[in-house]
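Trainee: Residue numbers in the sequence shown follow UniProt numbering, run continuously in steps of one, and reach 293 at the last position. Just so it is clear, CB atoms sit at the ideal spot from N, CA and C, and this is done for glycine as well. Before anything else, here's the structure in question.
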Amino acid sequence: MMTLLPWQNTIWSRLQQMRDSGRLPHALLFSGPQGVGKDLFAQLFAKSLLCHEPDSSGLPCGHCQPCHLLASGVHPDFTNIAPDAESKSGEILVDTIRGLAFSTTLTSTAGSHRIVLLRPAERMSNSAANAFLKTLEEPPLGTLMILISDRPSRLLPTIRSRCQLIGFATPPAEQALPWLEAQVKHGDPGMLLALAGGAPLRALELDDSALLEQRDSLLTAFIALAEGRTDPVKVAADWAKQDLNMLFEWWSGWLIDLLQLQAVEQPVTLFNKDRRETFKNSVTGEPCRQLQQ
């Protein structure tokens, strides 16, 4: 059964109070960096609203009929909207939103809430976003729409203004580390959390021995490049064979660390704190300056 992540208790209590007092809006926008648990929280909150026997804190029981239907993915009052598999651009298409507009006019089968979970909200196409805006302008009675976004600035301002913003921040290390220590199998929890920019669920994704070995190999080449000890053309050819999204994530972290170490002798935070000395020894010299340009 899904459980609440330890750094989410305050937000959970706030939303449960809104629920108990009948002050839930028709639309919520869960916003924050990747890897802090927005999706898990939204699913758990949806289960809480549809559950027949939630506990005293509002957590779903996991054994009533609605909970079983949700676990099976067939609850008639829950709609999950994500980018269409047929969309080459990875967008949420307008036909999906039009179908949503129709389904939300139907009466809830259980007589309580009808829940719509839309993620990532910023992936709606322009036409889909405009169609969704019409639904927000005339919200269906008894329907709660939960939008999840890592980049809310990409949403239409008129969509943002019609949702109540719920911010999910990167949790303090003292909350994230104990949880992460109980989950990781390969890497050092502190190192993984730093690599992930403090996002615990992203840190857990990085806890993969093959991925960590790849990071070490690419980082060795990056340092050699920064120190002028290798052929840039060869490095570029090797990097072209890698997952470009992952490579960009690594590379941006390495460059940020180099810049921080050039500016401050003891930076408060580093993405690659396990390689502090290696980076520190590489920040001087012309090759490193050229690499940053």
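So ASN80 is in the beta strand (DSSP E); what residue range does that whole segment cover?
Mentor: The count along the sequence shown starts at 1 and reaches residue 80 at position 80. 78 to 81 is the span of the beta strand (DSSP E), which, as asked, contains ASN80.
Trainee: Quick one: what does DSSP say ARG215 is sitting in, helix, strand or coil?
Mentor: For the purposes of this step, residue 215 is taken as the residue at position 215 of the sequence shown. Reduced to three states, the DSSP call for ARG215 is helix.
Trainee: Identify whether THR170 lies in helix, strand or coil by the three-state DSSP scheme.
Mentor: If you number the sequence shown from 1, residue 170 lands on position 170. Looking at THR170 - three-state DSSP - the assignment turns out to be coil, as it is neither helix nor strand.
Trainee: Please name the residue or residues paired with VAL74 in a DSSP beta bridge.
Mentor: Position 74 of the sequence shown, counted from the start, is the residue given in the question as residue 74. BP columns for VAL74 are empty, so no partner.
Trainee: In terms of alpha-carbon separation, which member of PRO172, PHE168, ALA210, GLU174 lies closest to LYS185?
Mentor: As a position in the sequence shown, residue 185 is number 185, starting the count at 1. It is ALA210 whose Cα lies nearest to the Cα of LYS185.
Trainee: Can the beta-carbon of GLN43 be found less than 8 Å from the beta-carbon of HIS52?
Mentor: One-based indexing of the sequence shown puts residue 43 at position 43. One-based indexing of the sequence shown puts residue 52 at position 52. Going by C-beta atoms, GLN43 is not nearer than 8 Å to HIS52.
Trainee: When DSSP builds the beta bridges, which residues end up paired with VAL116?
Mentor: One-based indexing of the sequence shown puts residue 116 at position 116. THR79, MET145, per the DSSP bridge assignment.
Trainee: Pull the bridge partners of ILE92 from the DSSP assignment, please.
Mentor: Here residue 92 is taken as the residue at index 92 of the sequence shown, counted from 1. In the DSSP output, where bridge partners are listed per residue, ILE92 has MET124.
Trainee: Determine the burial state of ALA27: buried for a count of at least 16 other Cβ atoms within 10 Å of its Cβ, exposed for fewer.
Mentor: Here residue 27 corresponds to residue number 27 of the sequence shown, with the count starting at 1. When all chains shown are included, ALA27 counts as buried.
Trainee: Would you check if the distance between the CB atom of ASP77 and the CB atom of LEU50 is smaller than 8 Å?
Mentor: For this step, residue 77 is matched to residue 77 along the sequence shown. For this step, residue 50 is matched to residue 50 along the sequence shown. Yes; because the gap between Cβ atoms is below 8 Å, this pair is in contact.
Trainee: For ILE164, tell me which candidate among SER217, PRO172, SER149 has the shortest Cα-Cα distance.
Mentor: Taking the first residue of the sequence shown as 1, we reach residue 164 at position 164. Inspection of the sequence shows that residue 164 is occupied by Gln rather than by Ile. Nearest of SER217, PRO172, SER149 to GLN164, Cα basis: SER149.
Trainee: For PHE30, write down the residues that DSSP places opposite it in a beta bridge.
Mentor: One-based indexing of the sequence shown puts residue 30 at position 30. Its beta-bridge partners are ILE148, ILE166.
Trainee: Using a Cβ distance threshold of 8 Å, determine whether the region 150 to 169 contacts the region 119 to 134, with at least three qualifying pairs required.
Mentor: Contact between the region 150 to 169 and the region 119 to 134 is present, because at least three Cβ pairs lie under 8 Å.
Trainee: Within 10 angstroms of the Cβ of LYS38, are there 16 or more other Cβ atoms? Answer buried if so, exposed if not.
Mentor: For the purposes of this step, residue 38 is taken as residue 38 along the sequence shown, with counting starting at 1. The residue is buried, with at least 16 neighbouring Cβ atoms inside 10 Å.
Trainee: Please report the straight-line C-alpha distance between ARG202 and THR96, rounded to a whole angstrom.
Mentor: The residue you call residue 202 lines up with position 202 of the sequence shown. The residue you call residue 96 lines up with position 96 of the sequence shown. Each residue's Cα considered, the two are about 29 Å apart.
Trainee: Restricting to runs no shorter than 4 residues, where is the alpha helix (DSSP H) found entirely within the region 202 to 255?
Mentor: Qualifying alpha helix (DSSP H) stretches, in chain order: 209 to 226, 232 to 239.
Trainee: Can you say whether ILE166 is buried or exposed, counting buried as having 16 or more other CB atoms within 10 angstroms of its CB?
Mentor: Along the sequence shown, read from residue 1 onward, the residue named residue 166 stands at position 166. Burial call: buried.
Trainee: Under the rule that 16 or more other beta-carbon atoms within 10 Å means buried, what is ALA85, buried or exposed?
Mentor: As a first step, residue 85 must be located in the sequence shown, where it is residue number 85. Exposed: under 16 other Cβ atoms inside 10 Å.
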